[in-house]
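**Q**
There are 4 protein chains.
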Amino acid sequence: MAGDTFGHTLQLTTFGESHGRALGAVLSGFPSGIAVDEYFIQGEMDRRSPGRDRFSTQRREPDRLQILSGVFEGVSTGTAIGMAIVNTDQRSRDYDEMKDVFRPSHADYAYWTRYGHVDHRGGGRSSGRETSMRVAGGAFAKLYLRQEGIQVHAGVRSIGTVTDGGAPFEPPFDNGIQAVDPAMVPLFEQEIDRARMEQDSVGGIIECQVTGVPCGLGEPVFDKLDAALAAAIMSIGACKGVEIGSGFEAASMRGSRYNDQMHIEAGRPVFESNRSGGIQGGISNGQPIVLRAAFKPTPSIGLEQHTVTRTMEDRTIRIGGRHDPCIVPRAVVVVEAMTALVIADSLLRARAYGI
Amino acid sequence: MAGDTFGHTLQLTTFGESHGRALGAVLSGFPSGIAVDEYFIQGEMDRRSPGRDRFSTQRREPDRLQILSGVFEGVSTGTAIGMAIVNTDQRSRDYDEMKDVFRPSHADYAYWTRYGHVDHRGGGRSSGRETSMRVAGGAFAKLYLRQEGIQVHAGVRSIGTVTDGGAPFEPPFDNGIQAVDPAMVPLFEQEIDRARMEQDSVGGIIECQVTGVPCGLGEPVFDKLDAALAAAIMSIGACKGVEIGSGFEAASMRGSRYNDQMHIEAGRPVFESNRSGGIQGGISNGQPIVLRAAFKPTPSIGLEQHTVTRTMEDRTIRIGGRHDPCIVPRAVVVVEAMTALVIADSLLRARAYGI
Amino acid sequence: MAGDTFGHTLQLTTFGESHGRALGAVLSGFPSGIAVDEYFIQGEMDRRSPGRDRFSTQRREPDRLQILSGVFEGVSTGTAIGMAIVNTDQRSRDYDEMKDVFRPSHADYAYWTRYGHVDHRGGGRSSGRETSMRVAGGAFAKLYLRQEGIQVHAGVRSIGTVTDGGAPFEPPFDNGIQAVDPAMVPLFEQEIDRARMEQDSVGGIIECQVTGVPCGLGEPVFDKLDAALAAAIMSIGACKGVEIGSGFEAASMRGSRYNDQMHIEAGRPVFESNRSGGIQGGISNGQPIVLRAAFKPTPSIGLEQHTVTRTMEDRTIRIGGRHDPCIVPRAVVVVEAMTALVIADSLLRARAYGI
Amino acid sequence: MAGDTFGHTLQLTTFGESHGRALGAVLSGFPSGIAVDEYFIQGEMDRRSPGRDRFSTQRREPDRLQILSGVFEGVSTGTAIGMAIVNTDQRSRDYDEMKDVFRPSHADYAYWTRYGHVDHRGGGRSSGRETSMRVAGGAFAKLYLRQEGIQVHAGVRSIGTVTDGGAPFEPPFDNGIQAVDPAMVPLFEQEIDRARMEQDSVGGIIECQVTGVPCGLGEPVFDKLDAALAAAIMSIGACKGVEIGSGFEAASMRGSRYNDQMHIEAGRPVFESNRSGGIQGGISNGQPIVLRAAFKPTPSIGLEQHTVTRTMEDRTIRIGGRHDPCIVPRAVVVVEAMTALVIADSLLRARAYGI
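Residue numbers (the numbering used here), protein chains in the order written: chain A, 40 to 394; chain B, 40 to 394; chain C, 40 to 394; chain D, 40 to 394.
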């Protein structure tokens, strides 16, 4: 009810602030008997960590995941999986000067009205560092999905005003910035560089596709598969938009162009297009699931901004230091993780009804 | 767990198929002591009903809502509110010819893989008629929100390829098609007329705004207010995209342009813009909440389409008869209803923690 | 969250007051393809109805269940099952004299503090009539369980101070009062008769057993199968105690006597006793599930009692008329229904994890 | 859904096995601004630890609780509270000889059928050590309740066949064994001593009372306050029965004796008895809440028992070593913790509706 738990049959509960003692999670409902590849899981953690590309913040955040329960002799036991990363650097000195100031378009003001305080040490619970536990949970979900023949991949479609031309989606995207189209990498880098040099920031768009999804996942009415995905993705800090299949473009299409027609090939139904993004009536139809998410620019910028203090005084602020001018490349694995958690949850949930 | 219930503290559970005996709902957690204006509620039902504008289907669907419990002498008792509409016309004759055919981009195929059957009588549980109970629940939510000084309004921003020029959002939009910009009404009508004449269909975009929302609604991490809204809106049948505030446009903006700066006026903080759409860090900040939803074109069209049968044979299909070429105007009240349910639920939920 | 919904994977949501227009329910998550025997379901409704034995109230309450959705051509569709009974007699005249008085050990006073009002018409939502929808939901659960080879039966073990001698549990108990031991029927009747003649009331104890339960149902830690059963049974109006297996007697037993030892017969493990009542560590072990529930005496009695009014004045009250001196025989089917709902829910829930 | 989370508005999620790396919990929905007295919390942990009385196991289990998040400068922040205890002794050597044997009336066999394996290292997730995190969560709940003027206390009413004579309930019970009646301490000790000398074990009964509870807590129908308490208490490992107020005794009482009559004193309603145990119609009525729980004897005994192995062979077993002949005194704080969690959850939940 307080929003720290995600999912129904596979449930991830997280805790932890950016500068507290530790961040951690409990993954409940993970099936027993799944081989737990800790090397893969740590690899996912590393994909989110800063310092992987030359654009991300230079803070040392070694997100070394410890698995504390639920895994015995390399295999999941079916009981709750506890995990944590210890914060080695709990210094919050860098933030002390901003202690009384609401940073523009951060969560500071809203949290202050909600809780009567703000943990000024780097955003506390609203920090992007919270997503580390989503990635940990998502890594477990991927291990389960792989065994079921399901793959989840995401990549960057645009950075700032630079958008790719609709290149085919052929993962993995091992090109530093995780661009869907490797040819876009230098252009995306240039866009980020320019923003940084101007002490500004940029956002971008990530696309995620899931292949191997069986028909029949998702619940009708309120828990449609696309509704679950929309909530999952929109719950990632900086996300401001989600679309499925043709998405917003669908609004301007004629039915005759939008509809996914079918015919028979080798005795089986074949869709002639996938504008529905793999979901019809809220239920998966066996086609790849396709979604896109819009991320706003990083709110921390060096340019001067107007803001106010807790004591209701005007102030100007320049947020200096070691902030990413663009968090989009680091968000790719987070989008994958949330998508994987939804698909794994939906699969287990559908199993209850014999799917 | 099977997706027929929506919300946490205020919960709407619905049942009913388009051609069954009745559709109904249980609204649980509605506060006691609220005056229940049945005339207003029925008015909301009527806004969704077809035949209000000249574009919608001509079927007679008198959605006469009966309130069966939870209201005593015109006031809510605090216990479960039961409600239902009886289906006066349960004929399914019109659908018999399509009994064995999966209608393209309808839920037919996905449902068939899920449940081992399709209720061919007009879509069954996946029919748009399911939304009538969302509107009934949303009408109650609005009654509660009004008492708290909160208003929810939606209007049409685009139909097919015709988009308004960003007219100011000044509800109510009593112009038949519920366009935000009344000057767009003839152009929107033309777009729909053209689609109908060509036996085709069109989609569109609806914008919804909520005013009077207190600060502090929404839960951090997974149940952010924008995540809850995204799930709510995306769970409406034909919706394929949701965005908050600047939405997808935010992805191409610089932080310096996107960030909502603040200053003090009359001792209180004032935002200089609302690109966040009233939500920061997943929590309301007191500004109007702004969201937009993309609706795909109606899947039922008269043009010939390829499809397959349950016995895995190719077939062509023309879906004739009394179908809307555009459901967007009728979806306006559904968007409002789902938004109102989320805001009312979030408000009650926050009250638990003293907001 | 407001307590009108029961279950996780199979969910029953109910509405309705004793003297409102209708009582109803939504059963969500019921599997598709189950034959729905409406004659059996109505038979269950009738088992709860008064007037079946000569002790129950003589009010005419024809609980004729209407199934409104989710069943098509006699088979469940997998979507929400809506159902309702219409209240033919909504007269509340009989209750008007008690309008301002809190009836002792009824819910009146507690509800008044909670909701700021009391629906004086026979208890409103707290009336025993609320259990009719539990029976309807339980009847569906039984249909599903039967198909899985699981049987749920309950019977009366004691009425007032009269207790059976531990007769073997051999259902069905078609002896009017539904006594486990048919030899006890006249003694139980005598106990009830004596209470009625003295304008008083009595309670009793019901035992429920479930056979054919597979191993592995129930979730560890908080949602143990016995915890779910305890909540289900204790949520029935007049229930004040629940025990599993040896129950309270276990507290005075030595481990050497209590423990259920095992040995091998025909290659399979056989338990030498069932003091655990079929549940160990919160998970079913394949033995019959055994529970007992204590019901308090009916609070409505003709003898004079002290009470107070809403305006905080002393008053004496005699509750006359057509009240059962003992509701225990009518509660038998309610205990079965709640047990069946828990077992069906647990079974579907376990299926998600491959049980 | 997998049962690792407890509560609705205040939610406790736990993880950890008896011999894993750590046990931990996330407490979500704990209000902000509550002073967190870590000394009190550790004191509660110590009450559960063995070695406090001379009867409990002599293993060293220093349950040193670490608070990892959600508390800043000694005050709760309103966000998720993470906590953990590290297992200093992960030796499982002592259990290796029982690796393939199902210990009678332990969870071993049921878990094996559920998960396809048993963590033989002391019971794994089904170990009594799991309750340490309930105590940690309950300690936080008590801190919140105290601020609201609510006190939760439990004490021992019986051990084995030795029962107190209904002494008045006047906490605290600082007498080693936590007996309600201090005069019973030597008799209770004698009962436990005798069981140990005979290599056997005993159970007992714990009573819990809550004072200062406001009227109006609990939800009608399925989430009655007594139903929530029953589930909470029955979910504690060895509990086999729960009763509220007069409990099972109510079944044999006449209505005229059972009913809690009322009169006015100093303008306010006063109950003349509390046979309802503070709950009527599932909702608190302002009187002390009273419940009793039956605990079975410890299943681990030194006497020889029949059992079977995983390979379906007969075996006899003597469970030697450092096991408690009676866990009832250590369970007292667990009963308090679960009760406190339910009351705190119900209070926050009711606040949503303005109670």
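C-beta: ideal position from N, C-alpha, C; glycine also.
Decide if MET137 of chain B is buried, meaning its Cβ has at least 16 other Cβ atoms within 10 Å, or exposed.
**A** In the second sequence, residue 137 of chain B corresponds to position 98, counting from 1. Around the CB of MET137 of chain B, 16 or more other CB atoms lie within 10 Å, so the residue is classed as buried.
**Q** Would you please state the rounded distance, in angstroms, between the beta carbons of ALA61 of chain B and ILE124 of chain B? I believe it to be under 8 Å.
**A** For the purposes of this step, residue 61 of chain B is taken as residue 22 along the second sequence, with counting starting at 1. For the purposes of this step, residue 124 of chain B is taken as residue 85 along the second sequence, with counting starting at 1. With 8 Å as the limit, ALA61 of chain B and ILE124 of chain B qualify as a contact, their Cβ atoms being about 6 Å apart.
**Q** What are the residues that DSSP puts in a beta bridge with ILE244 of chain A?
**A** For the purposes of this step, residue 244 of chain A is taken as the residue at position 205 of the first sequence. ILE244 of chain A is bridged to A:SER197, A:ALA333.
**Q** So THR48 of chain A contacts chain C; which residues on that side make the cut at Cβ distance below 7 Å?
**A** Working through the first sequence from its first residue, we reach residue 48 of chain A at position 9. In chain order, ALA391 make up the part of chain C whose C-beta sits under 7 Å from the C-beta of THR48 of chain A.
**Q** Could you tell me which chain B residues have their CB closer than 8 Å to the CB of ASN8 of chain A, listed as they occur along the chain?
**A** This structure cannot speak to residue 8 of chain A, because chain A is shown only from 40 to 394.
**Q** So, with DSSP's three-state summary, where would you put MET292 of chain D?
**A** The residue you call residue 292 of chain D lines up with position 253 of the fourth sequence. Coil, per DSSP.
**Q** Using a Cβ-Cβ cut-off of less than 7 Å, list which residues of the stretch 341-356 of chain D approach chain C; keep chain order.
**A** Per Cβ criterion, the list reads LEU342, GLN344, HIS345, THR346, VAL347, MET351, GLU352, ASP353.
**Q** How far does the alpha helix (DSSP H) with ASP147 of chain C in it reach, from first residue to last?
**A** In the third sequence, the residue the question calls residue 147 of chain C occupies position 108. First-last of the alpha helix (DSSP H) with ASP147 of chain C: 147-154.
**Q** Which term fits ARG173 of chain D, buried or exposed, when burial requires 16 or more other beta carbons within 10 angstroms of its beta carbon?
**A** One-based indexing of the fourth sequence puts residue 173 of chain D at position 134. Looking at its Cβ environment, which holds 16 or more other Cβ atoms inside 10 Å, ARG173 of chain D is buried.
**Q** Tell me which residues of the stretch 275-291 of chain B have at least one Cβ-Cβ distance to chain E shorter than 7 Å, keeping chain order.
**A** In summary, chain E is missing from the structure at hand, where the protein chains are A, B, C and D.
**Q** Can you give me the start and stop residues for the alpha helix (DSSP H) that MET351 of chain C sits inside?
**A** Numbered from 1 along the third sequence, position 312 holds the residue referred to as residue 351 of chain C. Run containing MET351 of chain C: none; DSSP gives neither H nor E here.
**Q** Could you name the residues of the stretch 237-257 of chain A whose beta carbon sits closer than 7 Å to any beta carbon of chain B, in the order they occur along the chain?
**A** ASP239, SER240, VAL241, GLY242, GLY243, ILE244, CYS254, GLY255
**Q** With 16 other CB atoms within 10 Å as the buried threshold, where does GLU230 of chain B fall?
**A** If you number the second sequence from 1, residue 230 of chain B lands on position 191. Its Cβ being crowded by 16 or more others within 10 Å, GLU230 of chain B is buried.
**Q** Which class does LEU62 of chain D belong to by DSSP, given the choice of helix, strand or coil?
**A** Numbered from 1 along the fourth sequence, position 23 holds the residue referred to as residue 62 of chain D. Of the three classes helix, strand and coil, the one that applies to LEU62 of chain D here is strand, per DSSP.
**Q** Identify the residues that DSSP records as bridge partners of ARG307 of chain C: which are they?
**A** Here residue 307 of chain C corresponds to residue number 268 of the third sequence, with the count starting at 1. C:GLU304, per the DSSP bridge assignment.
**Q** Hey, does PHE45 of chain B have any beta-carbon neighbour from chain A nearer than 8 Å?
**A** Numbered from 1 along the second sequence, position 6 holds the residue referred to as residue 45 of chain B. Chain A contact via Cβ: present.
**Q** Report all residues from its chain with a CB closer than 7 Å to the CB of GLN248 of chain C; omit the five preceding and five following residues, and keep chain order.
**A** Residue mapping note: residue 248 of chain C aligns to position 209 of the third sequence, counting from 1. Result list for GLN248 of chain C: HIS192, PHE208, PRO327, ILE328, VAL329, in chain order.
**Q** Does the beta-carbon distance from VAL219 of chain D to GLY194 of chain D come in below 8 Å?
**A** By one-based count along the fourth sequence, residue 219 of chain D stands at place 180. By one-based count along the fourth sequence, residue 194 of chain D stands at place 155. Yes, the Cβ-Cβ distance between VAL219 of chain D and GLY194 of chain D is below 8 Å.
**Q** Give the straight-line distance between the Cα atoms of PRO368 of chain C and LYS263 of chain B, rounded to the nearest whole angstrom.
**A** The sequence position of residue 368 of chain C within the third sequence is 329, counting from 1. The sequence position of residue 263 of chain B within the second sequence is 224, counting from 1. So the alpha carbons of these two residues sit roughly 49 Å apart.
**Q** If we count the other Cβ atoms within 10 Å of its Cβ and call it buried at 16 or more, is GLU187 of chain C buried or exposed?
**A** Against the third sequence, residue 187 of chain C aligns to sequence position 148. So GLU187 of chain C counts as exposed.
**Q** What residue does the beta strand (DSSP E) around THR52 of chain B start on, and which one ends it?
**A** Along the second sequence, read from residue 1 onward, the residue named residue 52 of chain B stands at position 13. Element bounds for THR52 of chain B: 50-54.
**Q** If distances are taken between C-alpha atoms only, which option among C:PHE69, C:GLN190, C:THR116, C:ASP265 comes closest to PHE179 of chain C?
**A** Here residue 179 of chain C refers to the residue found at position 140 of the third sequence. Considering only alpha carbons, the answer is C:PHE69.
**Q** Strictly under 8 Å for the Cβ-Cβ distance: is ARG60 of chain B near chain C by that measure?
**A** Position 21 of the second sequence, counting from 1, holds the residue named residue 60 of chain B. At least one chain C Cβ lies under 8 Å of ARG60 of chain B.
**Q** Would ASP147 of chain D be called buried (16 or more neighbouring beta carbons within 10 Å of its own) or exposed?
**A** Sequence index remark: in the fourth sequence, residue 147 of chain D carries index 108 (1-based). Flag for ASP147 of chain D reads buried.
**Q** Is the Cβ-Cβ distance between ILE272 of chain B and ALA332 of chain B less than 8 Å?
**A** Taking the second sequence and counting its residues from 1, one reaches residue 272 of chain B at position 233. Taking the second sequence and counting its residues from 1, one reaches residue 332 of chain B at position 293. Their beta carbons are under 8 Å apart, which means ILE272 of chain B touches ALA332 of chain B by this criterion.
**Q** If you draw a straight line from the C-alpha of THR118 of chain D to the C-alpha of PHE54 of chain A, how long is it?
**A** Position 79 of the fourth sequence, counted from the first residue, corresponds to residue 118 of chain D. Position 15 of the first sequence, counted from the first residue, corresponds to residue 54 of chain A. In a straight line, the C-alpha of THR118 of chain D is about 8 Å away from that of PHE54 of chain A.
**Q** Counting only beta-carbon separations shorter than 8 Å, does SER385 of chain A have a partner in chain D?
**A** Taking the first sequence and counting its residues from 1, one reaches residue 385 of chain A at position 346. Among the CB atoms of chain D, none fall inside 8 Å of the CB of SER385 of chain A.
**Q** Is there a C-beta anywhere in chain D that falls below 8 Å from the one on HIS145 of chain A?
**A** For the purposes of this step, residue 145 of chain A is identified with residue 106 of the first sequence, where counting begins at 1. No, its Cβ sits nowhere closer than 8 Å to a Cβ of chain D.
**Q** Taking 8 Å as the CB-CB cut-off, is GLY117 of chain D touching chain B?
**A** Position 78 of the fourth sequence holds residue 117 of chain D. Yes - at least one Cβ of chain B is within 8 Å of the one on GLY117 of chain D.
**Q** Let me make sure I understand the geometry here. Which of B:HIS302, B:ASP353, B:MET377 has the alpha-carbon closest to that of ARG349 of chain A?
**A** For the purposes of this step, residue 349 of chain A is taken as the residue at position 310 of the first sequence. ARG349 of chain A has its Cα closest to that of B:HIS302, out of B:HIS302, B:ASP353, B:MET377.
**Q** From the DSSP output, which residues share a beta bridge with ALA218 of chain C?
**A** Within the third sequence, the letter at position 179 stands for residue 218 of chain C. Under DSSP, ALA218 of chain C forms a beta bridge with C:VAL195.
**Q** Can you name the residues of chain C whose CB is closer than 7 Å to the CB of ALA269 of chain D?
**A** Stepping through the fourth sequence from its first residue, residue 269 of chain D is reached at position 230. Result: ALA269, ALA270, MET273, VAL281.
**Q** Roughly how many whole angstroms lie between the Cα atoms of ILE340 of chain B and PRO364 of chain B?
**A** As a working note, residue 340 of chain B is residue 301 in the second sequence. As a working note, residue 364 of chain B is residue 325 in the second sequence. Whole-angstrom Cα-Cα distance: 8 Å.
**Q** Considering only their Cβ atoms, is the gap separating TYR150 of chain C from ILE322 of chain D smaller than 8 Å?
**A** Numbered from its first residue, the fourth sequence carries residue 322 of chain D at position 283. Numbered from its first residue, the third sequence carries residue 150 of chain C at position 111. Yes, these two residues count as a Cβ contact at 8 Å.
**Q** For ARG173 of chain C, return the contacting residues in chain A, with the cut-off set at a CB-CB distance below 7 Å.
**A** For the purposes of this step, residue 173 of chain C is taken as residue 134 along the third sequence, with counting starting at 1. Result: empty, since nearest Cβ-Cβ is about 22 Å, beyond 7 Å.
**Q** Given that ASP232 of chain A touches chain B, what residues does it touch there, using C-beta distances under 8 Å?
**A** In the first sequence, the residue the question calls residue 232 of chain A occupies position 193. Near ASP232 of chain A there are no residues of chain B at all, since even the closest Cβ is about 14 Å away, more than 8 Å.
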